[in-house]
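**Student:**
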Amino acid sequence: MANRSPFQRWLKGDKDAMTRVEKKGALVFFSDESECTACHTGPALSSMAFYALGMPDMPGAPPDPGRAGLTGQEVDRFTYKVPQLYNLSDARFMGHGSTFRTIREVVDYYVEGVPAVNLPPDRFPDQFRELPLSDQEVSDLIAFLETGLRDPDLMRYQPTSVPSGTCIPANDPLARQQLGC
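Under this note's numbering, the first residue of the sequence shown carries the number 6, and numbering increases by one thereafter.
1. Once the 5 residues before and after Pro-88 are set aside, which same chain residues still bring their CB inside 7 Å of it?
2. Using DSSP's beta-bridge definition, name the partner residues of Lys-86.
3. Could you tell me how far apart the beta carbons of Cys-172 and Arg-161 are, in whole angstroms, since I believe they sit closer than 8 Å?
4. Please tell me whether Ser-103 and Met-60 are closer than 7 Å, where the distance is taken between their beta carbons.
5. My guess is that Glu-27 and Phe-149 are in contact by the Cβ rule of under 8 Å, so how many angstroms apart are they, rounded?
6. In the structure shown, what three-state DSSP assignment does Phe-34 receive?
7. Please state the DSSP three-state secondary structure of Gly-18.
8. Could you tell me the alpha carbon to alpha carbon distance between Asp-127 and Thr-46, rounded to whole angstroms?
9. Can you tell me whether Glu-151 is buried or exposed? The criterion is at least 16 other CB atoms within 10 Å of its CB, across all chains shown.
10. Grab the span of the alpha helix (DSSP H) containing Gln-182 for me, first residue to last.
11. Assuming contact is defined by CB atoms lying nearer than 7 Å, are Gly-153 and Pro-48 in contact in what I supplied?
12. In terms of DSSP beta bridges, what is Thr-152 paired with?
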């Protein structure tokens with residue numbers, strides 16, 4: 006659970022936890038122009054909602070039906086759950102098709118507001134459209150997402166042992182031998 010990011014520390018009263026650029030990016034994130042908070046809300050900056058945003062599938066992979074793969078409902082085709090945003094900079098792949106490699110690519114996709122997948126216009130939320138953000142606002146927003154929302158010490162949750170005595174993070178014979186457990 007990410008709970009020591011600069012933004013979270015700032016919310017708890019540490020006025021020096023965030024850089025000036027991260028604070029400017031937070032202002033963009035929470036602004037009416039970006040509409041980020043139409044979907045990314047609450048403590049995890051997420052929601053339980055599902056949306057169709059027309060993100061591309063992984064090249065060469067069959068089309069992913071989204072939530073409809075579980076529900077079988079046409080209304081759920083190509084819809085995906087809103088992700089949380091903490092420690093996003095640690096992710097190697099982003100977007101439901103894992104086609105984005107950087108936060109900048111994801112932000113640019115939202116700012117341009119042009120779907121990569123051809124879906125009927127009524128399938129997209131009203132917020133998915135070209136966003137009136139300047140290059141500087143985009144850069145500030147990216148700084149907020151990359152570093153302002155990054156808890157640098159998630160390894161504090163990695164256990165050094167478990168009650169069963171099995172090896173961490175792997176328990177196959179070779180790992181046990183190499184890790185000495």
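Note that beta-carbon positions come from the ideal geometry of N, C-alpha and C, so glycine has one too.
Treat the numbers as computed from the prediction; the structure is a model and nothing was measured.
**Tutor:** Looking at the atomic coordinates:
1. Counted from its first residue, the sequence shown places residue 88 at position 83. Excluding residues within five positions, the ones whose Cβ falls inside 7 Å are Ser-51.
2. Walking along the sequence shown from the start, residue 86 turns up at place 81. BP columns for Lys-86 point to Phe-55.
3. Position 167 of the sequence shown holds residue 172. Position 156 of the sequence shown holds residue 161. About 20 Å; that fails the 8 Å criterion.
4. Here residue 103 refers to the residue found at position 98 of the sequence shown. Here residue 60 refers to the residue found at position 55 of the sequence shown. Not in contact: Ser-103 and Met-60 (Cβ atoms no closer than 7 Å).
5. As a first step, residue 27 must be located in the sequence shown, where it is residue number 22. As a first step, residue 149 must be located in the sequence shown, where it is residue number 144. Indeed, because the Cβ distance is near 5 Å, the residues count as touching under 8 Å.
6. Here residue 34 refers to the residue found at position 29 of the sequence shown. In this structure, Phe-34 counts as helix in the three-state DSSP scheme.
7. To locate residue 18, count along the sequence shown from 1; it is residue 13. Coil, per DSSP.
8. The residue labelled residue 127 in the question sits at position 122 within the sequence shown. The residue labelled residue 46 in the question sits at position 41 within the sequence shown. About 23 Å.
9. Counting from one through the sequence shown, the residue named residue 151 turns up at place 146. With 16 or more Cβ atoms within 10 Å of its Cβ, Glu-151 is classed as buried.
10. Reading the sequence shown from its first residue, position 177 is the one you call residue 182. Start and end: 178 to 184.
11. Working through the sequence shown from its first residue, we reach residue 153 at position 148. Working through the sequence shown from its first residue, we reach residue 48 at position 43. No, Cβ-Cβ distance for Gly-153 and Pro-48 is not below 7 Å.
12. As a first step, residue 152 must be located in the sequence shown, where it is residue number 147. DSSP output for Thr-152 lists no bridge partner at all.
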